[in-house]
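Counting in the working numbering, the sequence shown runs from 3 upward without gaps. Take a look at the structure below.
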Amino acid sequence: MKIAAFNAKNLGWKKVTDKTVVRYLTKIMSQYSVVLILEVVDKSGKAMEKLLQELNSTSSNRTRPYSIIASSQLGRDTYKEQFVCFYRKDEVTLAACHQYEDNQAGDVDAFAREPFILRFSCPTTVVKDLVLIPVHTKPEDSEKELDELHDVVVAIRKKWGTDNIMILGDFNADGRYLSKKKKDKIRICSAPYYWLIEDDVDTTSSNCNDHTYDRIVVYGQTVLDAIVPGSAKSFNFQREFKLTDEETRSISDHYPVEVELRTNQKAPRQRNMALPQTTKPTSTQRRTPKKASWLFESAVA
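Pasting the structure below:
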């Protein structure tokens, strides 16, 4: 079962009504049982309804349709984004969702977009229960946000009583944003956390850099052992679909990052991965996050 996170770059009505863009978006998304879309800008929800319709109208998905769930509009100022998750309902069941509220006493406002946390029942995989924490950090604050993810994991382990946790998305964990020295101090950069995307993996579609901004991190040995060895990687859709630079940029400046969960308990286990080498700083301000907004399928909080 394949899971992915994809920063689809300012995904809204304009892009989902572009026939070329939506054709490739649905091709990309159809590879995955669960795909978390980041940087969704869709106040009305109509763009994601349209994308779901387009996705489920493709021949490969008509008999195995996707469902969708989304966070509220998240952000400190007038610019807001959503985390949106598409998942095949014949493979997984959405058991619960939780909008993390960054309001610990005496703490600073760490997240530009608080994690929208999803819990899935996965009956066909080695781990039958899996929590996904999508991430899109503010680049200048990536050090602080990534460090605070440890507190999110602690909270969700207490709330749901599970250690089967995967953190994935656009960490901005490379280049000028997070130095190796600062990375080493981040709490999710040491055991029992394991980084599955290696530092030499290019997750950007830009010809100007080969940074590994996008990452997948798992908590604990149980989930690590459930990973198909070598399956954690970026999906270079430009190369796969033979797109021009212009066509590629119209879809996104990021590639999806993906991983596969084992379905056969006799399959070989994933080896422990080396922790990443990464780069940069912080700054924050307080605001009260909203609860999760529109849900195309209800979930238990």
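Don't be surprised by glycine CBs; every beta carbon is placed ideally from N, CA and C.
| request: Mind listing, in chain order, the continuous alpha helix (DSSP H) runs of no fewer than 4 residues lying wholly within the segment 43-105? | output: 48-59
| request: Give the straight-line distance between the Cα atoms of Ser69 and Asp92, rounded to the nearest whole angstrom. | output: 10 Å
| said: Applying the 10 Å Cβ sphere with the 16-neighbour rule, what's the burial state of Gly163? | reply: exposed
| Considering only the beta carbon of each residue, do Ala157 and Ser123 sit closer than 8 Å? | no
| query | Hey, Arg189 and His152: beta-carbon distance below 8 Å or not? | reply | yes
| Neighbourhood of Gln24 by C-beta, 6 Å cutoff - its chain only, sequence neighbours within 5 removed | Sequence inspection shows Val at residue 24; the Gln mentioned does not correspond to that position. Result list for Val24: Val18, Glu56, in chain order.
| task | Mind listing, in chain order, the continuous alpha helix (DSSP H) runs of no fewer than 4 residues lying wholly within the segment 166-217? | result | 182-185, all fully within the segment 166-217.
| said: Can you give me the C-alpha to C-alpha distance between Thr206 and His213, rounded to a whole angstrom? | reply: 6 Å
| task | Could you check the C-alpha separation between Pro136 and Ile119 for me, to the nearest Å? | result | 7 Å
| request: Give the C-beta separation of Val36 and Cys99 to the nearest angstrom, bearing in mind that I take them to be a contact with Cβ-Cβ under 8 Å. | output: Actually they are not in contact, since the Cβ atoms of Val36 and Cys99 sit about 13 Å apart, beyond 8 Å.
| Where Asp172 falls, given that 16 or more other Cβ within 10 Å makes a residue buried | Buried, since its Cβ has 16 or more Cβ neighbours within 10 Å.
| field | Per-residue DSSP class, three states only, for Ala269 | value | Caution applies to Ala269, whose pLDDT of 48 falls short of 50 and renders its modelled position unreliable; the value that the coordinates give is listed next. Coil at Ala269, not helix or strand.
| request: Reducing DSSP to helix, strand and coil, say where Val156 ends up. | output: helix
| Residue nearest to Glu249 in terms of C-alpha spacing, selected from Lys161, Lys52, Leu27 | Leu27
| query | Among residues of its own chain, excluding the 5 on either side of Phe239, which ones have a beta-carbon nearer than 6 Å to its beta-carbon? | reply | In chain order, Ile30 place their CB closer than 6 Å to the CB of Phe239, counting only its own chain and leaving out the 5 sequence neighbours on each side.
| field | DSSP state of Lys130 mapped onto helix, strand, coil | value | coil
| query | DSSP on Lys16, reduced to helix/strand/coil? | reply | helix
| Excluding five sequence neighbours on each side, which residues of the same chain lie with their C-beta closer than 6 Å to the C-beta of Ala49? | Gly14, Trp15, Val18
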